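Peer 1: Here it is: the structure, laid out below.
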Amino acid sequence: MKKFIIFSFLIAALPVMAQEILIPFKSGEKFGLMDESDKVIVEANYDEVEWLGDEYFQAEERLLVNDKIKTDSGQIERNDLVAVKSLLYKGKVLIGPNPYSYYQVMPGMLISAWFTGDAEKMSLNQKQYDNLKGKSPAFFLYNLKGENLSPEGYRRLEFVDATGRSDQNPEKLKYALLFMENFQNEFEMAVFDADEGKIKEFLFQNVTDFKVLINDPKTRTYSLEYKDSNQDIQRKKVLKTSDYFLMEEMTEPVPDRAEILQEMDEDLLAINAQLVPEKAIKSEGFPHYFMENGILKYENDKGEISHVKLLAGSKVSLRMPQINRQKEDVIYKKGNLFGWIKHGIQQEARHDSLAYFGNSQFLICNKINSQLKCGTLDSKGNAFIPMEYDSIAGTMKTYRIDKTTGKFGLRKDKREASVGDSDFENPFYIKTEANIVVYKNGKAGIVKANGNLVLPLEYDEIGMNGMKTRGPAISDFIVLKEGNQYGVIMSNFDSESKQYLQEILEPMFSDFPAFYFKDYYGKKGFHLFGLMDEHGKIQAYASEIGRVFIK
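What the sequence shown shows, in the working numbering, is residues 643 to 1193, in sequence order.
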């Protein structure tokens, strides 16, 4: 995977200006690009086409490699299909087919490509094999003209920061600070000039034993140490100004990391102190329960501690055992029934199921007319979610591919817990989120913790999308399923109203909506969805109104 592990990572989000919009379409089993008038711009010759932002697309195909190459173990003959990717810009091939895993484009700045795998199986010719063997992963730096500025590649290629204004377009940044490691275990730091499409200068090159002493986020200063070609230890400070990057000798002592972190913590505490009333911070003096040597004890508001007397066979559980301090009623189980301990006294067990529900409520299930019905209430007995649902899930299940079957489906999330789940650290606690899924008569809906029904019980399934993507694609949304069709609930930030707006697309996609591009190509309100089959393979692209782009 990508190695952005030393410095903070920044991508300048630049607006896409008015231009011809290209949309991936499918013809047969292949993908191409067409414009809004359905005119084909790029023929459907690719296995996949993925938008990378701005006017860039990554296009994948399989090429037949039939040749003989010399390897370290001798000459081998190859007759295989190799997956390769090209980079398209404005409907034209900018970087031709290469056995890369992906491209990453920083609009108006630079392009990087990543190779990983077996060069013997993935290289396209002898020359490429000789270059790639033993280099997995390998990163390559390209300029926006598609020129490879690092033919031998790097073991690491990291974007650190950007500054300055482009001479060609003042809305764009001009200089990028890059950190690299070559395959001789040597390190480099360079300033890349986006206007010129090349490295302007190296701040240091071919050094060893590199380490970051401190990264000060307040001053945007990087304090570094390395050994130069003479094996002398050098300590440098890289400064970011409004128009360039400067490197200076470190004359002052190395800033203490702990002090900087403490400063940040103090700033955060100062902010919190302004937001939280002083009385809310104090916690002493309230009645509470705690466990001591396996025995439940109760301390009243006078500080008097008593041993809670329990009937034989009673099993108690605190909401958060690791905290071992609880002021609300305690749940216990005796036989097949559940009950509470209130004010230090065990009450009658008369509920078929009882669990802590989030941080302040309880989930109760009782048999009503031989059917189990569930609802929630607080410690004072105030009802929130009415006791009319067949079941209630505090956290949504997740749509993802099962590693065993290789098929897509709604799976129980690792964060989810239910009563009696022995794999969870507390089987009597159910974690909750903002959206709570309720089930009734085979249908699912969504309620809030206060009991308000915000999505009617009309769906066969409701779950979080678990497909992770890269680049500008968004995959964090709720999926609705009704019959064999899917819909989504999206939450997108609106720049005009300065708030998040929720959009609901009722089930209309026949394939699973795995991701979408918000305001595709800069066109406000146009969301382009990527639809996948049960094996996670892209089947088509579709608009937010349900139009599937197929020819």
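Here a beta-carbon is modelled for each residue, glycine too, at the ideal position from N, C-alpha and C. These numbers were taken from a predicted model, which means no experiment stands behind them.
(1) By Cβ distance, which residues of its chain are closer than 8 angstroms to Asn-1083, with the 5 residues on each side in sequence left out?
(2) Could you give the distance in angstroms between the alpha-carbon of Lys-672 and the alpha-carbon of Ala-686?
(3) Below 8 angstroms on the Cβ atoms is my contact criterion, and I expect Ala-1091 with Ile-1078 to pass it. Report the Cβ-Cβ distance as a whole number of Å.
(4) By alpha-carbon positions, which one of Gln-847, Thr-1040, Phe-782 and Gly-977 ends up nearest to Ile-1120?
(5) Give me the residue from Ala-1076, Asp-971 and Tyr-1183 with the minimum Cα distance to Gly-1093.
(6) Using a Cβ-Cβ cut-off of 8 angstroms (strictly less than) and excluding sequence neighbours within five positions of Lys-1015, which residues of its own chain qualify?
(7) DSSP on Asp-680, reduced to helix/strand/coil?
(8) Rounded to whole angstroms, what's the CA-CA distance from Asn-1024 to Gly-1017? Just pull it up for me.
(9) Which residue marks the beginning of the alpha helix (DSSP H) containing Gln-768, and which one marks its end?
(10) Check Tyr-1163 in the structure and name its three-state DSSP category.
(11) Less than 8 angstroms between the beta carbons of Gln-968 and His-930, yes or no?
(12) Please list the segments of the beta strand (DSSP E) lying wholly inside the stretch 1031 to 1095, counting only runs of 3 or more residues, in order along the chain.
(13) If Tyr-886 and Gly-776 are in contact, beta carbons under 8 angstroms, what's the gap, nearest whole angstrom?
(14) In whole angstroms, what is the alpha-carbon distance linking Asp-1175 and Gln-876?
(15) Would you give the residue range spanned by the alpha helix (DSSP H) that Lys-763 belongs to?
(16) For a quick check, are the C-beta atoms of Thr-1111 and Phe-1157 less than 8 angstroms apart?
(17) Between Leu-815 and Ala-804, which are expected to be in contact by the criterion C-beta below 8 angstroms, what is the C-beta distance as a whole number of angstroms?
(18) Does the Cβ-Cβ distance between Glu-794 and Asn-773 come in under 8 angstroms?
(19) In its own chain, which residues sit with a C-beta less than 7 angstroms from the C-beta of Asn-1068, not counting the 5 before and 5 after it?
(20) Considering Cα atoms alone, identify which of Lys-878, Thr-883 and Tyr-998 is closest to Glu-894.
(21) Around the Cβ of Ile-1180, are there at least 16 other Cβ atoms within 10 angstroms (buried) or fewer (exposed)?
(22) With DSSP collapsed to three states, give me the class of Asp-1020.
(23) Rank Ser-669, Leu-786 and Gln-700 by C-alpha distance to the C-alpha of Ile-1192 and give the top, closest one.
(24) Take Leu-786 as the anchor and find which of Tyr-796, Asp-835 and Glu-823 has the nearest alpha-carbon.
(25) Excluding sequence positions up to five away, which residues of its chain have a Cβ less than 6 angstroms from the Cβ of Pro-663?
(26) Going by C-alpha to C-alpha distance, which of Asn-966, Ala-1035 and Asn-1011 sits closest to Ala-997?
(27) Check the DSSP bridge columns for Asp-1136 and list the partner residues they point to.
(28) Using C-beta distances below 6 angstroms, list every residue in its chain close to Met-1109, excluding the 5 sequence neighbours before and after it, in chain order.
(29) Looking at chain C, is there any beta carbon in it that lies within less than 8 angstroms of the beta carbon of Tyr-744?
(30) Beta carbon of Ser-1021, beta carbon of Asp-971: below 8 angstroms?
Peer 2: In short:
(1) The count along the sequence shown starts at 1 and reaches residue 1083 at position 441. Only Asp-1032 and Leu-1099 meet the Cβ criterion.
(2) Numbered from its first residue, the sequence shown carries residue 672 at position 30. Numbered from its first residue, the sequence shown carries residue 686 at position 44. Distance between the alpha carbons of Lys-672 and Ala-686: 5 angstroms.
(3) Residue 1091 sits at position 449 when you count from the first residue of the sequence shown. Residue 1078 sits at position 436 when you count from the first residue of the sequence shown. Ala-1091 to Ile-1078, Cβ: 7 angstroms. Contact.
(4) Residue mapping note: residue 1120 aligns to position 478 of the sequence shown, counting from 1. That would be Thr-1040, whose Cα lies nearest to the Cα of Ile-1120.
(5) Residue mapping note: residue 1093 aligns to position 451 of the sequence shown, counting from 1. Ranking Ala-1076, Asp-971 and Tyr-1183 by Cα distance to Gly-1093 puts Ala-1076 first.
(6) Here residue 1015 corresponds to residue number 373 of the sequence shown, with the count starting at 1. Cys-1007, Asn-1008, Lys-1009, Met-1029, Glu-1030, Tyr-1031 and Asp-1032.
(7) By one-based count along the sequence shown, residue 680 stands at place 38. Secondary structure of Asp-680 (DSSP, three-state): coil.
(8) Position 382 of the sequence shown, counted from the first residue, corresponds to residue 1024. Position 375 of the sequence shown, counted from the first residue, corresponds to residue 1017. Our two residues, Asn-1024 and Gly-1017, have alpha carbons roughly 11 angstroms apart in a direct line.
(9) Your numbering for residue 768 matches position 126 in the sequence shown. Segment 768 to 774, the alpha helix (DSSP H) holding Gln-768.
(10) Taking the first residue of the sequence shown as position 1, residue 1163 is located at position 521. Reduced to three states, the DSSP call for Tyr-1163 is helix.
(11) Residue numbering aside, residue 968 sits at position 326 when the sequence shown is read from its first letter. Residue numbering aside, residue 930 sits at position 288 when the sequence shown is read from its first letter. Contact annotation: Gln-968 and His-930 have beta-carbon atoms nearer than 8 angstroms.
(12) DSSP runs (the beta strand (DSSP E)) wholly in the stretch 1031 to 1095: 1033 to 1035, 1040 to 1043, 1050 to 1053, 1078 to 1082 and 1085 to 1089.
(13) Start at 1 with the first residue of the sequence shown, and residue 886 comes out as number 244. Start at 1 with the first residue of the sequence shown, and residue 776 comes out as number 134. At roughly 37 angstroms, the Cβ-Cβ gap does not stay under 8 angstroms, so Tyr-886 and Gly-776 are not in contact.
(14) What you label residue 1175 is simply residue 533 of the sequence shown in a count that begins at 1. What you label residue 876 is simply residue 234 of the sequence shown in a count that begins at 1. Cα to Cα, the separation comes out at about 55 angstroms.
(15) For the purposes of this step, residue 763 is identified with residue 121 of the sequence shown, where counting begins at 1. Lys-763: member of the alpha helix (DSSP H) spanning 761 to 764, first to last residue.
(16) Sequence index remark: in the sequence shown, residue 1111 carries index 469 (1-based). Sequence index remark: in the sequence shown, residue 1157 carries index 515 (1-based). Against a cut-off of 8 angstroms, the Cβ pair of Phe-1157 and Thr-1111 comes out as a contact.
(17) Looking up residue 815 in the sequence shown gives position 173. Looking up residue 804 in the sequence shown gives position 162. 4 angstroms between Cβ atoms; contact.
(18) As a first step, residue 794 must be located in the sequence shown, where it is residue number 152. As a first step, residue 773 must be located in the sequence shown, where it is residue number 131. Yes; because the gap between Cβ atoms is below 8 angstroms, this pair is in contact.
(19) Translated into the one-based positions of the sequence shown, residue 1068 becomes position 426. Same-chain partners within the cutoff: Ser-959 and Pro-963.
(20) Within the sequence shown, the letter at position 252 stands for residue 894. Out of Lys-878, Thr-883 and Tyr-998, the CA that lies nearest to the CA of Glu-894 is found in Lys-878.
(21) For the purposes of this step, residue 1180 is taken as residue 538 along the sequence shown, with counting starting at 1. Ile-1180 should be labelled buried.
(22) By 1-based counting over the sequence shown, the position of residue 1020 is 378. Note: Asp-1020 maps to strand in three-state DSSP.
(23) Taking the first residue of the sequence shown as 1, we reach residue 1192 at position 550. Comparing Cα positions, the closest option is Ser-669.
(24) By one-based count along the sequence shown, residue 786 stands at place 144. Comparing Cα-Cα distances from Leu-786 to each of Tyr-796, Asp-835 and Glu-823, the minimum goes to Asp-835.
(25) Counting from 1 along the sequence shown, the entry for residue 663 is found at position 21. The amino acid at residue 663 is misidentified as Pro; the sequence shows Ile. Taken in chain order, the residues that qualify are Glu-678 and Tyr-1163.
(26) Counted from its first residue, the sequence shown places residue 997 at position 355. The option with the nearest alpha carbon to Ala-997 is Ala-1035.
(27) Here residue 1136 is taken as the residue at index 494 of the sequence shown, counted from 1. Answer is Gln-1141.
(28) For the purposes of this step, residue 1109 is taken as residue 467 along the sequence shown, with counting starting at 1. By the criterion of a C-beta distance shorter than 6 angstroms, Met-1109 is surrounded in its chain by Ser-1117 and Ala-1156, once the five residues flanking it on both sides are discounted.
(29) Annotation note: the requested chain C is absent from the structure, which comprises a single protein chain.
(30) Sequence index remark: in the sequence shown, residue 1021 carries index 379 (1-based). Sequence index remark: in the sequence shown, residue 971 carries index 329 (1-based). Yes; because the gap between Cβ atoms is below 8 angstroms, this pair is in contact.
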